[in-house]
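To start, the structure itself, in structure tokens.
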Amino acid sequence: MQTFPVDRLIVGEVLSEEDYQELENVGCIFSAEHDAMNFLARAEQNRFLLSQKLLKKHHSKEAIAIALDYLESKKYLDDKRYAEAWLRNRSITKAEGRTKLEAGLCSKGIDRKIAKQAIDTFFENTSEEELFNKAVSKFKRMGKKGTKLEESLFRAGFPWKLIKHIHIS
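The sequence shown finishes on residue 173 if you use my numbering, and the numbering steps up by one all the way, no holes.
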């Protein structure tokens, strides 16, 4: 994190233009970091969405980048942790397969590699077949059967191999 040397601040002395610019930059970075921490205090965030929120608060891209780099170095901001939390929360109300979950994470600005890692971790503790069966039940309650059921399951991110299995059982 950038800092301004306090010994260059002397009571009664006028700052040079360079010192003024540097002090202003450090202040902008601090302000971006402060706002980012306020967002992080409320909920887990990822770098992309947090950047967007800070841009809406009129912080410069440079100040945002430096502030977020600092927060990542301190582990306050972590895209993988965000992805894992998003997957846990999403699975409470939605029954979706890997493809749909990956697309959801990528739409939130999560790098595809990080999304795949988070999904792999998620499915170590969650049965894809259980989610699939939950989705089948949901779509059947909605009156879907045959091709309509298969299409709905495919759109929910489940692989054709698993979908075709429902005709066998």
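The beta carbon of each residue, even a glycine, is placed where N, CA and C say it ideally should be.
Alpha-carbon to alpha-carbon, residue j and residue i
i	j	result
R92	I118	15 angstroms
L54	F43	8 angstroms
L58	G147	44 angstroms
V18	I70	28 angstroms
Reduced DSSP secondary structure (H/G/I, E/B, other) of residue i
i	result
L105	helix
I114	coil
Own chain, CB closer than 6 angstroms to residue i, minus 5 neighbours either side, in chain order
i	result
F136	F162 and L166
Residue interval of the alpha helix (DSSP H) (run including residue i)
i	result
F52	R51 to K60
K144	E132 to R145
I96	D83 to T97
I70	K65 to S77
F162	Segment: none, F162 is in no alpha helix (DSSP H) and carries neither H nor E.
Own chain partners of residue i with C-beta closer than 8 angstroms, once the 5 adjacent residues on each side are dropped
i	result
R51	L72, E76, L81, D83 and G113
Near the ligand SAH: residue i beta-carbon under 7 angstroms from a heavy atom
i	result
A119	This structure lacks the ligand SAH; in fact it carries no ligand of any kind.
- Query: With contact counted as at least three CB pairs below 8 angstroms, one residue from each stretch, are the region 122-134 and the region 54-66 in contact?
  - Reply: Short answer: they don't touch.
- Message: Check whether the region 96-115 and the region 152-166 are in contact - that is, three or more C-beta pairs closer than 8 angstroms.
- Response: yes
- Query: Three or more beta-carbon pairs under 8 angstroms between the region 69-88 and the region 130-145, yes or no?
  - Reply: Taking 8 angstroms as the limit for Cβ pairs, the verdict is that the region 130-145 does not touch the region 69-88.
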